[in-house]
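Reading through the structure tokens given below for one structure.
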Amino acid sequence: MRLIGLAVVITLNLLLAPLAVDAQPSEKVYRIGMLERTSKTLNAASLNGFLRGMQELGYVEGKHFVIEYRSADGLDERFPELAADLVRVKVDLIVTRGTQAILATKNATNTIPIIITGAGDPVAQGIVASLARPGGNITGLNPMVTELYPKRVELLRALVPKAVRIAALCNMSSPAVPPAWKEVERAARSLGIEAQLFDVRKTGDLGPAFEGAVKQRADGLVVALDTLTQANRQLIVELAGKHRLPAVYASSEFFGGLVTYGGNYADVYRRAAAFVDKIFKGAKPADIPMQQPMQFELVVNLKTAKALGLTVPPSLLLQADHVIQ
Numbered sequence: 120m121r122l123i124g125l126a127v128v129i130t131l132n133l134l135l136a137p138l139a140v141d142a143q144p145s146e147k148v149y150r151i152g153m154l155e156r157t158s159k160t161l162n163a164a165s166l167n168g169f170l171r172g173m174q175e176l177g178y179v180e181g182k183h184f185v186i187e188y189r190s191a192d193g194l195d196e197r198f199p200e201l202a203a204d205l206v207r208v209k210v211d212l213i214v215t216r217g218t219q220a221i222l223a224t225k226n227a228t229n230t231i232p233i234i235i236t237g238a239g240d241p242v243a244q245g246i247v248a249s250l251a252r253p254g255g256n257i258t259g260l261n262p263m264v265t266e267l268y269p270k271r272v273e274l275l276r277a278l279v280p281k282a283v284r285i286a287a288l289c290n291m292s293s294p295a296v297p298p299a300w301k302e303v304e305r306a307a308r309s310l311g312i313e314a315q316l317f318d319v320r321k322t323g324d325l326g327p328a329f330e331g332a333v334k335q336r337a338d339g340l341v342v343a344l345d346t347l348t349q350a351n352r353q354l355i356v357e358l359a360g361k362h363r364l365p366a367v368y369a370s371s372e373f374f375g376g377l378v379t380y381g382g383n384y385a386d387v388y389r390r391a392a393a394f395v396d397k398i399f400k401g402a403k404p405a406d407i408p409m410q411q412p413m414q415f416e417l418v419v420n421l422k423t424a425k426a427l428g429l430t431v432p433p434s435l436l437l438q439a440d441h442v443i444q
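Using this note's numbering, you'd call the opening residue of the sequence shown number 120 and step up by one each time.
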């Protein structure tokens, strides 16, 4: 009888064992949507920064998460359809950058958490209620501070001390850019410099804008950051070199540019992973304070300066975080 009883127990255990395994919850693979201005190739530094941040927190791509990447390829008008597509494929969270992309994503969903990595003024533009308590489904980082534009004008003045006229390359159709232009204009006026606006809204506007700046005898150029300028950054750097215009840019993504001053977006995206981790662990975006970098990166390219016939002041070199020889 004992042997029969033991056989019954073993048989029941064998029958129930597969059921017990099936009842164990499988490890979730999160789907992270990324709504970006440019392709993975052009956005490689930021994307790699994000992947590095996730890895540092113990997440392995393909095992713990997959990325649904969507690029507007420099066209703001594509953001609404791309945001809607990310909602349709039911991503668990969306990482995005730039006012137009953020607003499109916010309009597409009020439930999926959204992590932002840059906007002009997220409070003034109605993206969040406040930096301390964002409210809604949005939080993140904001390195694209409008208040940095006066510093860029000062940097241009340091590079071209006798400048009397500067040009500002701005896409005025972007909500974040008009306030930036006002800051450029105000800063230039305080230095006794005339600022001229060149409104560029498509790639075809860039060449004529540079020609116009030269015709108006601009001594230098400040480039505002938005979808159009980011997507065409290499063309803009080339045009600045071709027309021998000293230029200051808002991001080190403008490779080969004379001077860049702003947030390090590879690091910003790395830090965005911490927000993702908190949300995956149950935190609500509404309760996670937004962060603004306390330090910004100044990069000086001496090779470009030499090509333009400029001598970079030693004081500026001492301020630089990176000097490209």
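Where is the CB? At the ideal position from N, CA and C, for every residue including glycine.
All of these numbers come straight from a predicted model, not from anything done at the bench.
Buried or exposed, going by whether 16 or more other CB atoms sit within 10 Å of the CB of residue i?
| i | result |
| --- | --- |
| residue 444 | exposed |
| residue 226 | exposed |
| residue 434 | exposed |
| residue 271 | buried |
| residue 420 | buried |
| residue 335 | exposed |
| residue 283 | exposed |
| residue 195 | buried |
| residue 322 | exposed |
| residue 222 | buried |
| residue 148 | exposed |
| residue 230 | exposed |
| residue 241 | buried |
| residue 185 | exposed |
| residue 146 | exposed |
| residue 163 | exposed |
| residue 208 | exposed |
On the three-state DSSP scale, how would you describe residue i?
| i | result |
| --- | --- |
| residue 285 | strand |
| residue 216 | coil |
| residue 155 | strand |
| residue 380 | strand |
| residue 417 | strand |
| residue 236 | coil |
| residue 149 | strand |
| residue 366 | strand |
| residue 186 | strand |
| residue 161 | coil |
| residue 259 | strand |
| residue 316 | strand |
Verify the contact flag: residue i, CB atom, against every heavy atom of the ligand FMN, threshold strictly below 6 Å.
| i | result |
| --- | --- |
| residue 298 | This structure does not include the ligand FMN; it has no bound ligands of any sort. |
Mind reading off the beta-carbon distance from residue i to residue j? Whole number of angstroms is fine, and I expect it under 8 Å.
| i | j | result |
| --- | --- | --- |
| residue 377 | residue 366 | 6 Å |
| residue 267 | residue 177 | At roughly 34 Å, the Cβ-Cβ gap does not stay under 8 Å, so residue 267 and residue 177 are not in contact. |
| residue 235 | residue 216 | 7 Å |
| residue 261 | residue 243 | About 11 Å; that fails the 8 Å criterion. |
| residue 379 | residue 368 | 4 Å |
| residue 402 | residue 417 | Their Cβ separation, rounded to whole angstroms, is 34 Å, which puts residue 402 and residue 417 out of contact at 8 Å. |
| residue 357 | residue 306 | That belief does not hold up - the Cβ atoms of residue 357 and residue 306 are roughly 26 Å apart, past 8 Å. |
| residue 325 | residue 354 | 6 Å |
For the alpha helix (DSSP H) holding residue i, just list the boundary residues, first then last.
| i | result |
| --- | --- |
| residue 434 | 433 to 438 |
| residue 426 | 421 to 426 |
| residue 328 | 325 to 334 |
| residue 302 | 296 to 309 |
| residue 410 | Segment: none, residue 410 is in no alpha helix (DSSP H) and carries neither H nor E. |
| residue 244 | Counting along the chain, residue 244 falls outside any alpha helix (DSSP H), and DSSP gives it neither H nor E. |
| residue 200 | 198 to 207 |
Could you pull the start and end residues of the beta strand (DSSP E) that residue i belongs to?
| i | result |
| --- | --- |
| residue 371 | Unbroken run through residue 371: none, as it is neither H nor E. |
| residue 349 | Here residue 349 belongs to no beta strand (DSSP E); instead the alpha helix (DSSP H) covers 346 to 350. |
| residue 442 | 441 to 443 |
| residue 266 | No beta strand (DSSP E) contains residue 266, which DSSP labels as neither H nor E. |
| residue 340 | 339 to 342 |
Would residue i pass as a contact of residue j if the rule is Cβ separation under 7 Å?
| i | j | result |
| --- | --- | --- |
| residue 201 | residue 213 | no |
| residue 187 | residue 150 | yes |
| residue 424 | residue 341 | no |
| residue 277 | residue 404 | no |
| residue 168 | residue 385 | yes |
| residue 232 | residue 407 | no |
| residue 362 | residue 329 | yes |
| residue 190 | residue 157 | yes |
| residue 293 | residue 345 | yes |
| residue 285 | residue 314 | yes |
| residue 220 | residue 265 | no |
| residue 269 | residue 302 | yes |
| residue 290 | residue 319 | yes |
| residue 296 | residue 359 | no |
| residue 409 | residue 154 | no |
| residue 350 | residue 193 | yes |
| residue 375 | residue 275 | no |
| residue 259 | residue 210 | no |
Chain C beta carbons: is any one of them nearer than 7 Å to that of residue i?
| i | result |
| --- | --- |
| residue 244 | You won't find chain C in this structure, because it holds only one protein chain. |
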